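Step one of this worksheet: look at the structure below.
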Ligand SMILES: Cc1cc2nc3c(=O)[nH]c(=O)nc-3n(C[C@H](O)[C@H](O)[C@H](O)COP(=O)(O)OP(=O)(O)OC[C@H]3O[C@@H](n4cnc5c(N)ncnc54)[C@H](O)[C@@H]3O)c2cc1C
Ligand SMILES: Cc1cc2nc3c(=O)[nH]c(=O)nc-3n(C[C@H](O)[C@H](O)[C@H](O)COP(=O)(O)OP(=O)(O)OC[C@H]3O[C@@H](n4cnc5c(N)ncnc54)[C@H](O)[C@@H]3O)c2cc1C
Ligand SMILES: Cc1cc2nc3c(=O)[nH]c(=O)nc-3n(C[C@H](O)[C@H](O)[C@H](O)COP(=O)(O)O)c2cc1C
Ligand SMILES: Cc1cc2nc3c(=O)[nH]c(=O)nc-3n(C[C@H](O)[C@H](O)[C@H](O)COP(=O)(O)O)c2cc1C
Ligand code: FES
Ligand code: FES
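Protein chains in written order, with this note's numbering: chain A, 1 to 307; chain B, 1001 to 1307; chain C, 2001 to 2270; chain D, 3001 to 3270.
This is the structure we're talking about:
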């Protein structure tokens, strides 16, 4: 028997393979295609206090081995989620992690508060890649002070395990990691999408109505790996690796460098079975290599110390 | 007759298509395969004061639609270049731009000084993505003060047109652009490679001896486009777009958002004829669209102002 | 609604007109579950380039043979690669997806099908369904393309008692002009339909909706937007509700084309 | 040295042993310019995935027919795709590149060829050159692979009067053990060669160089490193000079395998 269970501080997961926020809906959309109870966890679409319509279309564009999205903050709102989506999801016996967002520190705190009162949620994941409307739209996650404020405000309102999801669009992600750890996060997840844009030379217009968007998918994997490395080697809290993971090999790369779990995002769209295949793939890899516990593989990268 | 000539401040180029530093050697390596005199300009491999051996191998690894390199600063040194490489290159009647690098502000200044005395060089391009040995290896290009120091030091030593090449690995590339403009750069080029890494799950080792490297190639194009946009919309100096350009369509995307010239990097390795094909492609695109001057296309992106 | 993710065998892949191909695929479970107007997401190849699946409407649905087909236009990387696929090879299909066409209301006598370019695709299956359910419907097809060479063979429609009105942008075949011109012209000459189905590029749909509103005709339009998941998950395919209602003052509200559509009703509460 | 970037026609692409294939390509200009030990960069397909060209040694060089061949082992994405290519299709080739083998010094009588796995590839062309230049050379091939099924047919060597010594890691064919073991054993039984050529994985080359140093035998090794450009431009393929000299104290200095190599001399000034 091979052990796949991982423990991320206060959060215990049956296996390290989760699905990423915004790429798995509210958890049940794919349930006719795969047995979602086998997943390490489901991170649902980012929720705000009130329902939001999101950005105008077109909202997605394909790039070379990548996808840019500018969905904006479209979601059903935290109340609708708790009333209509969560009860059905909880029947599936899979850890449910709720991704939260807001345009003000207060909104984050309030959403965190409301979700803490709901039963059955395994953890909150704070998406700090949102524009702060009060300070002119600067992204919370790119400014250490603002990131600190958001995380500590949510921390005060919840005793749920707290994950903070970092954006890669900063000079020093290690420093941001330190800040959110100080603010009280239990776990860090990284990365969110990479700032990007695309234009059409024939219409001479941006391909996204919002002009900019976030790049995800295989193209960003090497970038994500480096950012996760920086986080893992700067702070002591457990880290969840995200970015371009499409195969069990990709997943193992993040675990190898020290992430204790991973999330599958864009790959769900291409093959909804990806995350289940990754779990199977990890299991057989460990078997082939006579490793009886995934925790023995996590962080086992060997560096040439001669250098 | 279609005009392809572009004027970047003090630098006039026969067409906007150059080849990027580090991907075209010292200029003549590919000359048996293509007529290099047709190029808008050749940016040669980054030169330091003394020859440097570079990083230990392996130095490159392929990723999904990308290439990570950790060549380090390997080069023949500025003297060898001036004595042995430059004279042959100057016979080809193509603008020669020299990429310069250093581990101290003084080294940059000195290299700039030496090259200013050499005849026939069209411009200098300062690569500020080098580690500053004096301040613990932090990259010059990620710290506004250091970037300012490097650029103003070189500026003092040369009257050649000065290009500063920005790294994308910063929170706010627009701010860095402002800083180097203040320091006296005439032109900005962007982007250099994106920080990345790759590991091997079987050997459990990094795939690069240097552990980290810089990602280039088609994968980064949407990221580069966004960074170039940020620069174009923050400063008034001319901008050269770089990153993942492999076709004339790619090149036109950068020109559309306001870059006045572009550089082709990694694509040279795959198809050494890329840059020439891009020039032809741009010409026929303009012809098809009845545009008689590339300058009429540059920066002609239409934004939906209704928003 | 069951959805299947399968590797299915290609039975045929052949060219039908300039840049227009048809691919027949064997998959009894999908064929059985599919409805005209629904679509599928096709994985062009098992690699990371092109990254996303491509959406295509069911063009024919042959339940007894377990074979469905798509009619596709070659426009870019993915569809170009599709033309290289050979009968006997397998292809990844995720289907059936979305809401298809529904039957016209009781009492409907005259139905118009409006097809712009490759928008003809789903009407083969739709016509079969309409004829099966009510052989007495009087059905006319208005079908336009850029040029004559891009029109696919319409004998299937003629053989099914459906009057075919062709038009081309360049006048090489049928009426000279856009399909919406051709519809306008017909309106002035004949009796208006009771119901319509429309499929084609978005600007055409926009005009069709206006025409329908003006003339008080109810119908259904099948929309195309960029899609990543096809399953209501990514929220990438959204279209503004205003597109259908025409009411510019109402609050912004988006509908997922892959889930609430691709077929939307016009002239009813959405 | 001329270099050509061409689209060339594939004449044959067939399997030779387990995971080992041969591709014959028609290109008179490249064939004429190529030298044994040189290599080419093959563009697996005209798309951005896989991104880089793949390097392969010339295996045979038939100037009169204008055809060369490569012998390749299926190890990853690129080589897997190569097995799908068909005779008659064209493929992008950049060649000839690098420095090939040179003739053994005058007076050489006995030459050993040491091939580890797919390292056998360039020895077909090399043997032909050696025989052409000096029919009196006494040549032996030491050829090892992981298992018997991965050994390619060696009749060409036997027919050319070259003694073939096989070995396999698992003992399924020839001697049981590594090629370097097999060479050591031969050393103790027969007269040492005057010159050697070696091609195979880097750990093997490392041992071969040590063996050559110990026994004072001169020779040439053909190296493999990851390559992006193949033309001396990217500086990605570097190898430390120390690898050849064994002198750990000398200053770090890198050689480009694609330019200064892939064939390097052992026992001389580099
Ligand atoms: C519900 C639905 C049904 C469709 N049915 C058909 C059909 O029956 N026959 C047919 O020929 N086409 C149909 N299309 C359009 C078809 O999906 C696109 O033409 C196709 O995806 C283009 O792929 P490409 O790789 O060749 O083009 P590229 O331009 O290389 O594609 C780039 C990206 O744009 C997307 N894209 C490009 N054009 C469209 C488009 N018009 N609509 C949606 N996405 C697009 C692609 O999916 C891809 O992500 C349908 C689209 C939708 C949404
Ligand atoms: C000068 C030279 C001559 C060669 N001659 C031959 C030959 O005659 N026959 C043969 O089968 N192989 C030869 N190789 C090795 C061959 O290039 C690789 O096996 C091949 O590139 C693997 O590609 P892939 O896509 O199947 O593997 P992948 O593992 O998918 O390749 C990923 C990347 O690694 C590189 N790579 C992987 N393995 C090697 C390797 N051993 N050496 C260099 N790069 C590698 C690829 O080029 C690519 O960039 C030679 C290599 C060099 C440098
Ligand atoms: C369509 C789409 C919607 C997303 N929505 C959210 C979101 O609501 N909250 C969030 O934190 N991340 C969101 N993300 C980011 C992903 O969770 C993930 O961090 C990113 O896509 C990188 O992983 P990938 O390359 O595996 O997709 C979204 C990504 C995509 C593609
Ligand atoms: C192998 C390699 C070597 C490079 N060397 C340099 C260099 O010496 N100086 C520099 O400024 N940029 C260097 N670059 C960066 C490129 O000039 C270019 O900015 C980057 O690769 C992005 O463009 P691309 O995606 O078109 O390759 C190098 C890139 C590669 C791939
Ligand atoms: S395509 Fe993903 S929600 Fe419609
Ligand atoms: S492969 Fe580029 S220098 Fe050798």
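Glycine included, C-beta positions come from ideal geometry on N, C-alpha and C.
All values derive from a computational prediction rather than experimental measurement.
Classify residue 2216(C): buried if its beta carbon has 16 or more other beta carbons within 10 angstroms, exposed otherwise.
Exposed, by the Cβ-count rule.
Going along chain D in order, which residues have a C-beta closer than 8 Å to the C-beta of residue 1065(B)?
Within chain D, the residues near residue 1065(B) are 3048, 3049 and 3051.
Would you say residue 220(A) touches ligand 4, meaning its beta carbon is less than 6 Å from a heavy atom?
No.
Taking Cβ positions only, does residue 2231(C) come closer than 7 Å to chain A?
Taking Cβ atoms only, chain A reaches closer than 7 Å to residue 2231(C), which makes this a yes.
Distance, Cα to Cα, residue 101(A) vs residue 125(A)?
Approximately 9 Å, taken between the alpha carbons.
Under 6 Å: does the beta carbon of residue 3230(D) sit that close to some heavy atom of ligand 6?
Yes, since a heavy atom of ligand 6 falls inside the 6 Å radius drawn around the Cβ of residue 3230(D).
Given a threshold of 16 other Cβ atoms within 10 Å of its Cβ, counted over all protein chains shown, does residue 307(A) qualify as buried or as exposed?
Here residue 307(A) scores only 45 on pLDDT, less than 50, and its place in the model is too uncertain to base an answer on.
Scan the segment 1209-1244 of chain B and note each continuous beta strand (DSSP E) run of 3 residues or more that stays entirely inside, going in chain order.
For the segment 1209-1244 of chain B, whole beta strand (DSSP E) runs of length 3 or above, ordered along the chain, are 1212-1216 and 1239-1242.
Does residue 2035(C) get closer than 7 Å to chain A when you measure Cβ to Cβ?
Not an interface residue.
Report, in whole angstroms, the separation of the C-beta atoms of residue 2201(C) and residue 2116(C), which I expect to be a contact under 8 Å.
6 Å between Cβ atoms; contact.
I want to see whether chain D comes within less than 7 Å of residue 1028(B), judged by CB atoms only; does it?
Judged by the 7 Å Cβ criterion, residue 1028(B) is not in contact with chain D.
Considering only residues of the segment 3125-3159 of chain D, which uninterrupted alpha helix (DSSP H) runs meet the minimum length of 4 residues and lie entirely inside it, listed in chain order?
Every alpha helix (DSSP H) of 4 residues or more that sits fully in the segment 3125-3159 of chain D is shown, in chain order, as 3155-3159.
Between which two residues does the beta strand (DSSP E) holding residue 2038(C) run?
That residue, residue 2038(C), is in no beta strand (DSSP E); it is neither H nor E in DSSP.
For residue 146(A), write down the residues that DSSP places opposite it in a beta bridge.
Paired residue(s): none; residue 146(A) is not in a bridge.
N- and C-terminal bounds of the beta strand (DSSP E) containing residue 81(A)
Note, residue 81(A): premise wrong, no beta strand (DSSP E); not H, not E.
For residue 1005(B), name the three-state secondary structure that DSSP assigns.
In the structure shown, residue 1005(B) sits in coil (DSSP, three-state: anything other than H, G, I, E or B).
Cutoff 7 Å: residue 62(A) Cβ touching any chain B Cβ
No, its Cβ sits nowhere closer than 7 Å to a Cβ of chain B.
Secondary structure of residue 3235(D), DSSP reduced to three states
Residue state, collapsed to three classes: coil.
Beta strand (DSSP E) containing residue 2064(C): first to last residue?
Segment: none, residue 2064(C) is in no beta strand (DSSP E) and carries neither H nor E.
Flag residue 71(A) as yes when its Cβ comes closer than 6 Å to any non-hydrogen atom of ligand 3, and as no otherwise.
The answer is yes for residue 71(A).
Where residue 88(A) falls, given that 16 or more other Cβ within 10 Å makes a residue buried:
Label assigned to residue 88(A): exposed.
Alpha carbon to alpha carbon, how far is residue 2146(C) from residue 2012(C)?
Roughly 26 Å separates the two Cα atoms.
Beta-carbon spacing of residue 189(A), residue 262(A) below 7 Å
Not in contact: residue 189(A) and residue 262(A) (Cβ atoms no closer than 7 Å).
Inter-residue Cα distance where the pair is residue 51(A) and residue 78(A):
Between the alpha carbons of residue 51(A) and residue 78(A) lies a distance of about 8 Å.
For residue 2024(C), does the count of other Cβ atoms within 10 angstroms reach 16, so buried, or fall short, so exposed?
Result: buried.
May I ask you to check if the CB of residue 252(A) is nearer than 6 Å to at least one heavy atom of ligand 5?
At a threshold of 6 Å, residue 252(A) does not count as near ligand 5, since its beta carbon sits no closer than that to any of the ligand's heavy atoms.
Report yes or no: do the segment 2230-2246 of chain C and the segment 59-75 of chain A share at least 3 C-beta pairs separated by less than 8 Å?
Touching, yes.
Partners in chain A for residue 1218(B), counting only beta-carbon separations shorter than 7 Å
Residue 1218(B) reaches chain A at 64, counting residues in chain order whose Cβ is nearer than 7 Å.
In whole angstroms, what is the alpha-carbon distance linking residue 1028(B) and residue 3255(D)?
Our two residues, residue 1028(B) and residue 3255(D), have alpha carbons roughly 19 Å apart in a direct line.
Contact between the segment 2180-2187 of chain C and the segment 2149-2167 of chain C is defined here as three or more beta-carbon pairs at a separation below 8 Å; is this criterion met?
Verdict: yes, contact present.
Could you run through the segment 3205-3233 of chain D and flag, in chain order, every residue whose CB is less than 7 Å away from some CB of chain B?
Going along the segment 3205-3233 of chain D in chain order, one finds 3225, 3226, 3228, 3229, 3231, 3232 and 3233 with a Cβ nearer than 7 Å to chain B.
Buried or exposed: residue 1120(B), going by 16 or more other Cβ atoms within 10 Å of its Cβ?
Residue 1120(B) comes out exposed.
Residue from 1229(B), 1216(B) and 1212(B) whose Cα sits closest to the Cα of residue 199(A)
When each option's Cα is compared against that of residue 199(A), the closest is 1229(B).
When you compare the CB of residue 179(A) with every CB in chain B, is at least one pair closer than 7 Å?
Cβ-Cβ to chain B under 7 Å: no for residue 179(A).
Thinking C-alpha only, which one of 3035(D), 3154(D) and 3152(D) is nearest residue 3099(D)?
Of 3035(D), 3154(D) and 3152(D), the smallest CA-CA separation from residue 3099(D) is found for 3035(D).
Sort 1245(B), 1226(B) and 1031(B) by Cα distance to residue 1093(B) and report the nearest one.
Relative to the Cα of residue 1093(B), the nearest Cα in the group 1245(B), 1226(B) and 1031(B) belongs to 1031(B).
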